[in-house]
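Working notes, beginning with the structure itself.
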Amino acid sequence: MMLSRFTSILFTIIFLVGVWAGSGLEACTCILVGKNASVDGSTTTSHTCDSRLDRTWLEVVQGAKYHKGSTCGVYLGSRFTRYPGDTAGVRLMGQIPQVRETFAYLNSAYPCMNEKQLAIGESTFGGRAELRNKEAFFSCEELCRFALERASTCREAISLIGSLTKEFGYNDGGECLMFADTDEIWHFEIIGSGKDRVGSVWAAQRIPDDHVGVTANASRIMEIDPGDSENFMTSENVIDVAVENGWYDPDSGEPFRFCYAYDPGGRTSMAARRREWRVFDLLAPSLGLDPNSENYPISVRPDTLVTVRRVMEIFRDTFEGTEFDMTKFMYVETEDGKFEKSPYANPFMHYDMMPLMKVNGGWGKMGERCIARYYCAYITVTQSRGWMPDPVGGLVWFGWDNPAMTAFTPLYCGISNVPESWKLSGRQAFDRDCAWWGFNRVADLSAQKWGQMRVDVDSVRVAFEDRAFDDQAELEKKAVALFEKSPKRARKLLTEYSCGFAEETTAAYWDLGDHLWWKYTGKF
Numbered sequence: 000m001m002l003s004r005f006t007s008i009l010f011t012i013i014f015l016v017g018v019w020a021g022s023g024l025e026a027c028t029c030i031l032v033g034k035n036a037s038v039d040g041s042t043t044t045s046h047t048c049d050s051r052l053d054r055t056w057l058e059v060v061q062g063a064k065y066h067k068g069s070t071c072g073v074y075l076g077s078r079f080t081r082y083p084g085d086t087a088g089v090r091l092m093g094q095i096p097q098v099r100e101t102f103a104y105l106n107s108a109y110p111c112m113n114e115k116q117l118a119i120g121e122s123t124f125g126g127r128a129e130l131r132n133k134e135a136f137f138s139c140e141e142l143c144r145f146a147l148e149r150a151s152t153c154r155e156a157i158s159l160i161g162s163l164t165k166e167f168g169y170n171d172g173g174e175c176l177m178f179a180d181t182d183e184i185w186h187f188e189i190i191g192s193g194k195d196r197v198g199s200v201w202a203a204q205r206i207p208d209d210h211v212g213v214t215a216n217a218s219r220i221m222e223i224d225p226g227d228s229e230n231f232m233t234s235e236n237v238i239d240v241a242v243e244n245g246w247y248d249p250d251s252g253e254p255f256r257f258c259y260a261y262d263p264g265g266r267t268s269m270a271a272r273r274r275e276w277r278v279f280d281l282l283a284p285s286l287g288l289d290p291n292s293e294n295y296p297i298s299v300r301p302d303t304l305v306t307v308r309r310v311m312e313i314f315r316d317t318f319e320g321t322e323f324d325m326t327k328f329m330y331v332e333t334e335d336g337k338f339e340k341s342p343y344a345n346p347f348m349h350y351d352m353m354p355l356m357k358v359n360g361g362w363g364k365m366g367e368r369c370i371a372r373y374y375c376a377y378i379t380v381t382q383s384r385g386w387m388p389d390p391v392g393g394l395v396w397f398g399w400d401n402p403a404m405t406a407f408t409p410l411y412c413g414i415s416n417v418p419e420s421w422k423l424s425g426r427q428a429f430d431r432d433c434a435w436w437g438f439n440r441v442a443d444l445s446a447q448k449w450g451q452m453r454v455d456v457d458s459v460r461v462a463f464e465d466r467a468f469d470d471q472a473e474l475e476k477k478a479v480a481l482f483e484k485s486p487k488r489a490r491k492l493l494t495e496y497s498c499g500f501a502e503e504t505t506a507a508y509w510d511l512g513d514h515l516w517w518k519y520t521g522k523f
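Heads up: the sequence shown begins at 0 in numbering that gives the first Met the number 0, then just goes up one per residue.
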């Protein structure tokens, strides 16, 4: 009883610190893929929720119908709750008019896809703190929720967010949302309009259909053209607020650049820029981009068409094989006098371990970080495919914890449920009923002797992902045919498949963790 009370108090303190410290407590990476840049014509967005505090539960929220004149609450703190419906630490910011009908959506800490195949990825850039109004209604995660409840395309979602924040305000720091629908992909950035103002400043840029995009915790939108409605959408005050605060002089002869006006420190962040470079260098190496550049194009054309599995591989990247590999000097001499990388060398060590391990300069001095992180809560990689019925065409490849170790589970946007173990957060205590703990334990254990244990992890991970991709064509063919006769039965088929796969991967990771304890006991 005493321990439970202490845990509850401690979590409340952590929650309060987390809410007001900012949205991206540890930072996130997102990759966009246009329909003509992908191998199958699908669009993709993605998100690593790189945070030690964000909740580790997931649910499917069903669509609903409402009476005319209904209202709905706007909340702060849902990212830190323990299970669906938990209100501990959640603050009601206000009430707004409800729409007559809402869409179903997959409710992760940052809601990620709805039943119309509209998908969202999120990455914080922070920006100018003096623009933040903490008493305004909408946080970033609530904007994601309302967008998925009420919009079916990227443009609709962006317009909706603009109108909601204009009327009710935005309480978060600078955020980037990466939208994908069945046809387009958009890069959207938003920040507050002032501490005592209700409103927001935002800009959105369409990414060409044959391009890929990336964001990694720094504002990326440069010059904008509000008159080009095909490729840009902006708030009315996007330049005025910068002029008013002395961040842009229209008489200077220089073009207005959103990122330098509202996130001047972002382009100096090596942690952000190096990830931008790495994604583009992996997908378009022919460009020969400089890894030390201050700026990169907002999007590039990939050298070859991109598969969703390729995107997953990029999220596992740790700069291995490059000059920026933090383990590149961690070699040991063998009995025959040769040198090989130590099995204890791992790219997931905490920053306070780096001086002890004498990690190469940039990591400690310049704030380097790779794409895959040990503190990731979950990762989503989506597919939106307009040639199929929505319940089948929309797909979220979902992974718990570190992207380098997780096995992705296919969750179709037409499913009605997820396993019970996926609905419980693991932030308060170790719990074998919580799926996330099974994956987190494997990730933390395997990092201790990564050179050897990664083989054990990959043997399980790859087997599940191979099976998922092998199953995909036949499952979707069956679901599409069934949908024509009975949409309800098609959704049931997809729900049973996704839930069954999720339960199997979770059980396998619990077994894998036990195996690692046994195999490597006394060898850490």
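Ideal Cβ positions, reconstructed from N, Cα and C, are used throughout, including at glycine.
Asked, Found
"Among the residues of its own chain, which have a CB less than 6 Å from the CB of L57, if the five just before and after it don't count?", "S107, V417, W421"
"Relative to the C-alpha of L105, which candidate in C412, D455, A467, A489 has its C-alpha closest?", "C412"
"Per DSSP, what kind of secondary structure is E419 in: helix, strand or coil?", "helix"
"For the segment 311–340, list the beta strand (DSSP E) runs that are entirely contained and at least 3 residues long, ordered along the chain.", "330–332, 338–340"
"Give me the Cα-Cα distance between C27 and R300, rounded to the nearest whole angstrom.", "23 Å"
"Which residues does DSSP list as the beta-bridge partners of N113?", "Y104"
"Y377: buried (16+ other C-beta within 10 angstroms of its C-beta) or exposed?", "buried"
"Are the CB atoms of G184 and L31 nearer to each other than 8 Å?", "Reading off the sequence shown, one finds Ile at residue 184, where the question assumed Gly. In this structure, L31 lies closer than 8 Å to I184 by Cβ."
"Whose C-beta lies closer than 7 Å to the C-beta of P388 among residues of the same chain, with five residues either side of it excluded?", "V479, F482"
"In or out: K194 buried (at least 16 other Cβ within 10 Å) or exposed?", "exposed"
"What is the DSSP secondary structure of C139, counted as helix, strand or coil?", "helix"
"Going by DSSP, which residues form a beta bridge with E174?", "T123, I189"
"Please list, in chain order, all residues of the same chain as M92 whose beta carbon is under 6 Å from its beta carbon, the five residues on each side excluded.", "V73, L75, F136"
"Helix, strand or coil: which one does DSSP assign to F500?", "helix"
"With C-beta atoms as the reference, is C143 less than 8 Å away from E121?", "yes"
"Could you give the DSSP three-state label for W509: helix, strand or coil?", "helix"
"State buried or exposed for Y330, treating a residue as buried only when at least 16 other CB atoms are found within 10 Å of its CB.", "exposed"
"Would you mind giving the Cβ-Cβ distance between S268 and A217, rounded to the nearest angstrom? I have them listed as a contact below 8 Å.", "5 Å"
"Can you give the Cα-Cα distance for S228 and K357, rounded to whole angstroms?", "51 Å"
"Determine the DSSP secondary structure at K484, reduced to helix, strand or coil.", "helix"
"With a CB to CB cut of under 7 Å and the five nearest residues on each side skipped, what residues in its chain are close to G21?", "Because G21 carries a pLDDT of 38, less than 50, the predicted location of this residue cannot be relied on, and the following value inherits that uncertainty. Closer than 7 Å at Cβ, skipping near neighbours: T123, G125, G172."
"Pair every Cβ in the segment 396–411 with every Cβ in the segment 434–447, then say whether three or more of these pairs are closer than 8 Å.", "yes"
"Check whether the Cβ atoms of E275 and A215 lie closer than 8 Å to each other.", "yes"
"Leaving out five residues on either side along the sequence, give the residues of the same chain with a beta carbon under 6 Å from the beta carbon of D262.", "F124, G126, G173, S218"
"Less than 8 Å between the beta carbons of T43 and T303, yes or no?", "no"
"With distances taken from CA atoms, which of K67, W509, K327 is nearest F338?", "K327"
"Which same chain residues end up closer than 7 Å to G161 when comparing Cβ atoms and leaving out the 5 residues on each side of it in sequence?", "W201, S234"
"Tell me which residues share the same chain as K133 and place their Cβ nearer than 6 Å to its Cβ, disregarding the 5 neighbours each side in the sequence.", "N170"
"So what does DSSP say about H514, is it helix, strand or coil?", "helix"
"Can you grab the Cα-Cα spacing for the pair K484 / V38, in whole Å?", "30 Å"
"If you run the structure through DSSP and keep just helix, strand and coil, what is W396?", "strand"
"By the DSSP assignment, the alpha helix (DSSP H) with F279 in it spans what residues?", "269–282"
"Relative to the C-alpha of Y65, which residue among T101, E141, P83 is closest?", "T101"
"Is there at least one non-hydrogen atom of the ligand FMN closer than 7 Å to the beta-carbon of T28?", "Because no ligand of any kind appears in the structure shown, any question about the ligand FMN cannot be addressed here."
"Are the beta-carbon atoms belonging to E188 and R273 less than 8 Å from one another?", "no"
"According to DSSP, is L91 part of a helix, a strand, or is it coil?", "strand"
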